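Engineer: My questions will all concern the structure given below.
Number of protein chains: 2
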Amino acid sequence: MALFGAIEAGGTKFVCAVGGGPATIAAETRITTTSPTETLAQCIAFFRAQPPLAALGVGCFGPLERRADAPNYGHVTSTPKPGWANADVVGELRRALGVPVGFDTDVNAAVLGEARWGAAQGLASAVYVTIGTGIGGGALCGGHLLHGLLHPEMGHLLVPREPDDADFEGGCPFHGADCWEGVASGPAIERRWGVRAERLAPEHPAWDLEARYISSALTTLVLVLSPERLILGGGVMQMPALLPLVRRYLQRRLAGYVQSSALGSGIDAYVVAPGLGQRSGILGALALAEAAATR
Amino acid sequence: MALFGAIEAGGTKFVCAVGGGPATIAAETRITTTSPTETLAQCIAFFRAQPPLAALGVGCFGPLERRADAPNYGHVTSTPKPGWANADVVGELRRALGVPVGFDTDVNAAVLGEARWGAAQGLASAVYVTIGTGIGGGALCGGHLLHGLLHPEMGHLLVPREPDDADFEGGCPFHGADCWEGVASGPAIERRWGVRAERLAPEHPAWDLEARYISSALTTLVLVLSPERLILGGGVMQMPALLPLVRRYLQRRLAGYVQSSALGSGIDAYVVAPGLGQRSGILGALALAEAAATR
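Chains A and B supply the protein sequences, listed in that same order.
Letter by letter, the first sequence follows residues 886 to 1180 in this note's numbering.
Letter by letter, the second sequence follows residues 886 to 1180 in this note's numbering.
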């Protein structure tokens, strides 16, 4: 069996792994994100200590350039993260390791991982959303990861303000309270209630409000992308009471407009937690490697 | 050169044409939509009077079923239009004419037509939106028309209410004022101002409000689909002052978050009128036929 390398490249840590799939991870390490040179050198050292890889996959924080014909293909682009703007992630790894490198956003990697081994197996379309420090989403459409001008930034889509939240100033540096992340990320919850999300009791009104904002955004995602499944991950979704509330509000918002049993009696199988738990990202990077090897 | 047939199937009229492309339309007719049997019989009679076709394309009002493996593939599904719920459009045409039939939504056909011969030539991704009696959109993603659970219904995506429009009750039978169509369709404009949209002067405040709602929806479409171009058609967009206003508000809403020259200095080439004028739908149906012939 071919051995693949995977990097889940985040703003605070990089996870590196080698293996063939979820059941055959042979080695794994976590690296604190510092400068690009130093962080990537540590990744390279980890992979060099392993048996030869068939390919490497990188699911990376963004924004990034992944149009194959762009001069800066494989770079992180305009991030405010010190040192990382225009960092040539793919070039550095490919030069050092000499293997094909699959490269996409962390959330596109996650939806691919879920399609390969998790909650979206066998589907040609799905959306993976992470709701945590920020909100981001990746999409599989017609069997392919969604790209275009750049890549989706669905965490910033517009959601109507909930009437009982009219005074909240929001938490998005770009859009204030005028986007999904601005009203529903973990930091937005903390800012609104003065308590970290994980310390709010299940019966706190924060969760009902949160479910309404999430379901508004999901309504728009269903109407725009028509995915066969919605997968919700990230720290905020760890509150068990949230997912059932989100499903109920999503049905209410759609108001029967989209006629599909998936949105009716099948809602529990339509809006789901990740099948790979908190491993969608790293396993998705492994799936990116697999795809890069067979290209 | 192969001859293709095309049907733009609308709720009030069916347009039928035969030809090889925009410059070689050999015949065309308009049929008032009555019952499915009668309307389709008139279409069939029109095509039978033409030289043999290589294939037929149908861009159809929805909702419709176009998953190839569904038992009711090729049917209009849950429309309130009398007689048309569960009408087997593709089956009837294929049995009568004996040619391959390409079938998709009217707006997916339109974006395909624009990609083949109009404003999205050479692009792998684009969105076509029509803003008129209703609002609908089609999308090309990675070179393919977007489908999934069903097909996009992006006219009903959620847009935040504009503060100076807080009292408007909206015009969507499903979502009131809580969706794009509910606040920005032609009938919504007429309901709000008591005058038909085409009779409102360019300096009427209706157009500024309309531009804000449209740009809110486009902001979400950019963030979710990341298309390489946005094409805006339909009756409401006939007001020349509207398009430049929409572009300006779209830039303001995105607030520099998506870093691409297309959304900066290139905005006039990014948000555009249809390259095929009011012919995107019928020519798109011709492009569907072309694709069906080569499948």
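We put the beta carbon where it would ideally sit given N, CA and C, even for glycine.
It should be emphasised that the depicted structure is a prediction, and the values quoted were computed from it without experimental measurement.
(1) Taking residue 945/B as part of the beta strand (DSSP E), name the residues at either end of that continuous run.
(2) Does the beta-carbon distance from residue 999/B to residue 1160/B come in below 7 Å?
(3) Determine the contact status of residue 944/A and residue 893/A, defining contact as a CB-CB distance below 7 Å.
(4) Could you confirm whether any beta carbon from chain B is found closer than 7 Å to the beta carbon of residue 1038/A?
(5) Quick test of the definition: if touching needs 3 or more C-beta pairs under 8 Å, does the segment 927-945 of chain A touch the segment 1125-1138 of chain B?
(6) Can you name the start and end residues of the alpha helix (DSSP H) that residue 915/B belongs to?
(7) Please name the residue, chosen from 1151/B, 1077/B, 978/B, 1166/B, that lies closest to residue 924/B on a Cα-to-Cα basis.
(8) What are the partner residues of residue 1115/B, as DSSP defines its beta bridges?
(9) Should residue 1067/B and residue 1120/B be called a contact, given that it needs their Cβ atoms to be closer than 7 Å?
(10) So, for residue 982/A: in the same chain, excluding its five sequence neighbours on each side, which residues have a beta-carbon less than 8 Å away from its beta-carbon?
(11) Below 7 Å between beta carbons: does that hold for residue 1012/B and residue 1024/B?
(12) By Cβ distance, which residues of its chain are closer than 8 Å to residue 1078/B, with the 5 residues on each side in sequence left out?
(13) For residue 991/A, does the count of other Cβ atoms within 10 angstroms reach 16, so buried, or fall short, so exposed?
(14) Under 7 Å, CB to CB, which of the residues in the segment 1098-1119 of chain B have a partner in chain A?
(15) Note down, in chain order, every chain B residue with its Cβ under 7 Å from the Cβ of residue 1070/A.
(16) Mind checking the segment 1019-1035 of chain A against chain B and listing, in chain order, the residues whose C-beta falls within less than 7 Å of any C-beta there?
(17) Rounding to the nearest angstrom, what Cα-Cα distance links residue 1177/A and residue 1003/A in this structure?
(18) Could you check where the alpha helix (DSSP H) with residue 1075/A kicks off and where it finishes?
(19) How many Å lie between residue 1094/A and residue 970/B at the Cα?
(20) Output the boundary residues of the alpha helix (DSSP H) element that contains residue 1096/B.
(21) Please classify residue 886/A as buried or exposed, where buried requires at least 16 other C-beta atoms within 10 Å of its C-beta.
(22) Should residue 1083/B be labelled buried (16 or more other beta-carbon atoms within 10 Å of its own) or exposed?
(23) So with CB distances below 9 Å, who are the chain C contacts of residue 1144/A?
(24) Distance cutoff 7 Å, beta carbons only. Does residue 1147/B sit that close to anything in chain A?
(25) List, in chain order, every chain B residue whose beta-carbon is nearer than 8 Å to that of residue 1044/A.
(26) List, in chain order, every chain B residue whose beta-carbon is nearer than 8 Å to that of residue 959/A.
(27) Does the distance from the CB of residue 1175/B to the CB of residue 1010/B come in under 7 Å?
(28) Answer yes or no: does any C-beta atom of chain B fall closer than 7 Å to that of residue 1010/A?
(29) With a cut-off of 8 Å, do at least 3 Cβ pairs link the segment 1101-1108 of chain B to the segment 1131-1142 of chain B?
(30) From the DSSP output, in three-state form, read off residue 984/B for me.
(31) Quick check on this structure: which residue in 1052/A, 1140/A, 1037/A has the alpha carbon closest to the alpha carbon of residue 948/A?
(32) Is residue 950/A buried or exposed, if buried means 16 or more other CB atoms sit within 10 Å of its CB?
(33) Given a threshold of 16 other Cβ atoms within 10 Å of its Cβ, counted over all protein chains shown, does residue 1150/B qualify as buried or as exposed?
(34) My parser needs the alpha helix (DSSP H) runs of 4 or more residues fully inside the segment 1115-1148 of chain A; what are they?
(35) Quick one: give me the first and last residue of the beta strand (DSSP E) that residue 901/A is part of.
Structural biologist: Taking the geometry as given:
(1) 940-945
(2) yes
(3) yes
(4) yes
(5) no
(6) Element bounds for residue 915/B: not the alpha helix (DSSP H) but the beta strand (DSSP E), 910-917.
(7) 978/B
(8) 1012/B, 1156/B
(9) no
(10) 890, 929, 932, 933, 938, 941
(11) yes
(12) 1085, 1089, 1091
(13) buried
(14) 1101, 1104, 1105, 1106, 1108, 1109, 1110, 1111, 1112, 1113
(15) Here the premise fails: no neighbours, minimum Cβ distance about 15 Å.
(16) 1026, 1027, 1029, 1031, 1032, 1033, 1034, 1035
(17) 20 Å
(18) 1071-1078
(19) 37 Å
(20) 1090-1110
(21) exposed
(22) exposed
(23) In the structure shown, chain C cannot be found, because the protein chains are A and B.
(24) yes
(25) 1043, 1045
(26) Under the 8 Å cutoff, chain B gives no residues; its nearest Cβ is about 17 Å from residue 959/A.
(27) no
(28) yes
(29) yes
(30) coil
(31) 1037/A
(32) buried
(33) exposed
(34) 1127-1139
(35) 898-904
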